[in-house]
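Heads up: the structure comes next, in structure tokens.
The following block contains the structure:
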């Protein structure tokens, strides 16, 4: 589709800090302060514009305010970690100075302390950062003035600590860095959603931040539908919700959506990506063929207890009421036991352990190398097999005793020692002993030599079952990890961010709230529907976006609704709904919807990225894809054809905004779009398609806000 020069410019509405964008259809570039451009340059401008329109967040250091002077972990540690720890950390400790921990910073190095409490200008840590310093740190690089000022302020307000306290903080548990949450008494009779608001508002009041008001019904329904079912509401759904007389219609809408097939499908897609990663259509087809995707849909449709699901994923065999489709979670790792351990750890402990493969974690010191290899040991007796009744994972009763070496080449035996403090005792044979694999060691013995495998072997002492017991019983980290992940999906970022780093390096923004939600989730029997309902019925979830100036710098206050980039599948389905095609009906489409879906997966692969950055490839795809153009061709009473039947141009514009954005346009938008259509009355089809294209590729459409 040839798009007119002047269509598709995007500018920030009011101020960029509001993160709200509106479409300006520049029918006259010169009138908007732009010089006329020849077609090739205009096309480049349009593509570059799209790169900035595709939603993004930039992670930056937060300015240190007087009231946050003592927050070393949030304001100082990230600076040191980014610029200093490479040479002054646990792996490489120049001058005996380890800046990776609070204890190391206060202890100092071979030349003595680097922080003198209350004396910033005299502190070596501050002095070496100044532009004319000799020696200067970091070498051949100058820190931003803001970072240096943060360090100066922190040192200036830092209080000298007793030596006993400093030594105590050097223990593995690191209580100073990962403190237990403050016990805050709750008002009696509070429901779960009220507890959320209580903890969030408590911090906002302490910091003097006023939250945004609760959003209107249209905004709430669009946000909720995108989050729970992966597409915006249809016009019929929107009209029914807006006209509902019930005072509790928002809660009713939550219940309605949780019962839909679309909810199960959407959350299955999200968890498939988070648990398995995207590996292309071939692997997606294998997952569907082996029942994995159907299994996830069943989990969310039936609201199966999450601890039971986790047990099925780890044990991975047909026993009792266990669902055999869960076997694919480990089976796809193709006997790569390290990959199994690395996939399971974030699910059950809430943190990545990959950094502890060759040494203790350099930043989160509670994560030891032995924890990594203990997880690996839990799986290294496992082997994929194919039986007449389907795939399976056999487990041996013997072997699998491995050792690992640290950077000093010191060898240690890997034991079933896990991050939550559980150690499973296991008799280890002497190095020169030859183990016998006897049938009495098994509940289901392996086949004799040259016999066909009928059923996967199941040992009486199963390492996988021992791990499953360790992480699903008396393990608060399982509930905490799940709550944090669901919170991030719905709120835009986790209470701990990044979502898979619940460790001493990344503190929770609201530790008491996270602990309460985790405890409540566990007490509910790991009820996912109840957890989701609690979150989305809170005022915190229902906040408006921040539209005014002076938005607080802190991103972890949850004082407003964060803009969330839509995932690939959500963009794909939203395009179908907005362009007027039913999600389950293919008639009238000029494009293969599976090809369309895969195209979006290719260009928008992320779910819960730590930092979202728009790419040139995304902009080029949105700008030039014939697949998107094909959706806008008038057919089968789709949006384009419906709008062509509307004679009044102002009404046509209003209907377009309602169908695409789920809202009415303001006066300026109506006037600008109407002028654009008037100037193309000789080719109304092209005009409508261009108008719709500009709206469908805007940040307002491509984000949940």
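In the numbering used here, the protein residues as written are 24 to 728. Even for Gly, the Cβ is constructed at its ideal location relative to N, Cα and C.
Indicate, with yes or no, if the ligand NAD has a heavy atom lying under 7 angstroms from the CB of residue i.
{"i": "residue 161", "result": "Ligands displayed in this structure: none; no statement on the ligand NAD is therefore possible."}
From the DSSP output, read off the bridge partner residues of residue i.
{"i": "residue 409", "result": "414"}
{"i": "residue 697", "result": "Note: residue 697 sits in no beta bridge, so no partner."}
{"i": "residue 440", "result": "446"}
{"i": "residue 662", "result": "According to DSSP, which records beta bridges pairwise, residue 662 is partnered with nothing at all."}
{"i": "residue 529", "result": "526"}
{"i": "residue 116", "result": "111"}
With H, G and I counted as helix, E and B as strand and the rest as coil, what does DSSP make of residue i?
{"i": "residue 431", "result": "coil"}
{"i": "residue 135", "result": "strand"}
{"i": "residue 289", "result": "helix"}
{"i": "residue 237", "result": "strand"}
{"i": "residue 482", "result": "strand"}
{"i": "residue 524", "result": "strand"}
{"i": "residue 451", "result": "coil"}
{"i": "residue 601", "result": "helix"}
{"i": "residue 724", "result": "helix"}
{"i": "residue 75", "result": "At residue 75 the pLDDT is 37, less than 50, meaning the model places this residue with poor confidence; the figure from the coordinates comes in the next sentence. Of the three classes helix, strand and coil, the one that applies to residue 75 here is helix, per DSSP."}
{"i": "residue 382", "result": "coil"}
{"i": "residue 374", "result": "strand"}
{"i": "residue 90", "result": "Its pLDDT being 34, under 50, residue 90 is placed unreliably in this model, and the coordinates cannot settle the point."}
{"i": "residue 426", "result": "strand"}
{"i": "residue 124", "result": "coil"}
{"i": "residue 388", "result": "coil"}
{"i": "residue 674", "result": "helix"}
{"i": "residue 111", "result": "strand"}
{"i": "residue 225", "result": "helix"}
{"i": "residue 687", "result": "coil"}
{"i": "residue 709", "result": "helix"}
{"i": "residue 35", "result": "Model confidence at residue 35 stands at a pLDDT of 31, short of 50, so the residue's coordinates are unreliable and nothing is read from them."}
{"i": "residue 152", "result": "coil"}
{"i": "residue 629", "result": "coil"}
{"i": "residue 401", "result": "helix"}
{"i": "residue 160", "result": "coil"}
{"i": "residue 175", "result": "helix"}
{"i": "residue 99", "result": "coil"}
{"i": "residue 460", "result": "coil"}
{"i": "residue 717", "result": "helix"}
By Cβ distance below 6 angstroms, which residues in the same chain neighbour residue i in space, the five residues on each side in sequence not counted?
{"i": "residue 137", "result": "131, 147, 148"}
{"i": "residue 351", "result": "313, 315"}
{"i": "residue 415", "result": "408, 479"}
{"i": "residue 185", "result": "Here the model assigns residue 185 a pLDDT of 49, short of 50, so the residue's position is not dependable, and the following value carries that caveat. Nothing meets the Cβ criterion."}
{"i": "residue 237", "result": "562, 565"}
{"i": "residue 709", "result": "none"}
By Cβ distance below 7 angstroms, which residues in the same chain neighbour residue i in space, the five residues on each side in sequence not counted?
{"i": "residue 711", "result": "663, 666, 667"}
{"i": "residue 683", "result": "601, 715, 718, 719, 724"}
{"i": "residue 64", "result": "Note that residue 64 scores 35 on pLDDT, short of 50, meaning its location in the model is unreliable; the coordinates nonetheless yield the value given after this. Same-chain partners within the cutoff: there are none."}
{"i": "residue 469", "result": "417, 480"}
{"i": "residue 95", "result": "125, 177"}
{"i": "residue 630", "result": "293, 296, 297, 590"}
{"i": "residue 619", "result": "595, 650"}
{"i": "residue 686", "result": "241, 680"}
{"i": "residue 404", "result": "418, 419, 422, 423, 486"}
If you drop the 5 nearest sequence neighbours on each side, which residues of the same chain put their C-beta closer than 8 angstroms to that of residue i?
{"i": "residue 390", "result": "374, 376, 378, 379, 383, 384, 442, 526"}
{"i": "residue 656", "result": "613, 663, 712"}
{"i": "residue 761", "result": "The shown model of the chain, from 24 to 728, leaves out residue 761, and the question about it has no answer."}
{"i": "residue 213", "result": "221"}
{"i": "residue 669", "result": "675, 678"}
Segment contact, 8 angstroms Cβ cut-off, at least three pairs: the region 304-314 with the region 269-283: Two segments are said to touch when three or more pairs of C-beta atoms, one from each, lie closer than 8 angstroms; by this definition the region 304-314 does not touch the region 269-283.
When you compare the region 361-375 with the region 105-112, are there three or more beta-carbon pairs, one atom per stretch, that lie closer than 8 angstroms? Cβ pair count under 8 angstroms is below three, so no.
Secondary structure, alpha helix (DSSP H): runs of 4+ residues fully inside the region 329-371: List check, alpha helix (DSSP H) in window: 329-338, 351-354.
Using 8 angstroms as the threshold, is the region 502-514 in touch with the region 540-559, meaning 3 or more CB pairs across them? The answer is yes - the region 540-559 touches the region 502-514, with three or more Cβ pairs under 8 angstroms.
Considering only residues of the region 462-522, which uninterrupted alpha helix (DSSP H) runs meet the minimum length of 4 residues and lie entirely inside it, listed in chain order? List check, alpha helix (DSSP H) in window: 486-495, 499-514.
Completely contained alpha helix (DSSP H) runs for the region 535-599, where each covers 4 or more residues: Listed in chain order, the alpha helix (DSSP H) elements of length 4 or more contained wholly in the region 535-599 are 551-559.
Go through the region 250-331 residue by residue and report every complete run of the beta strand (DSSP E) that reaches 3 residues or more, in order. The beta strand (DSSP E) runs lying completely inside the region 250-331 and spanning 3 residues or more number zero.
Within the region 631-660, ranges of the alpha helix (DSSP H) (whole runs, at least 4 residues): 639-647, 649-654, all fully within the region 631-660.
Three or more beta-carbon pairs under 8 angstroms between the region 710-726 and the region 647-666, yes or no? The region 710-726 vs the region 647-666: in contact.
Meets three-Cβ-pair contact criterion under 8 angstroms: the region 527-534 and the region 258-268: Contact between the region 527-534 and the region 258-268 is absent: fewer than three C-beta pairs spanning the two stretches fall below 8 angstroms.
Spell out a yes or no on whether the region 471-478 and the region 512-528 are touching, meaning 3 or more CB-CB pairs, one atom from each, closer than 8 angstroms. Note that the region 471-478 does not touch the region 512-528; fewer than 3 beta-carbon pairs, one per stretch, sit closer than 8 angstroms.
Taking 8 angstroms as the threshold, find out whether the region 284-291 comes into contact with the region 621-629 through three or more Cβ pairs. No, because fewer than three Cβ pairs between the region 284-291 and the region 621-629 fall closer than 8 angstroms, the two stretches do not touch.
At a cut of 8 angstroms, does the region 399-406 reach the region 362-370 through at least three beta carbon pairs? Short answer: they touch.
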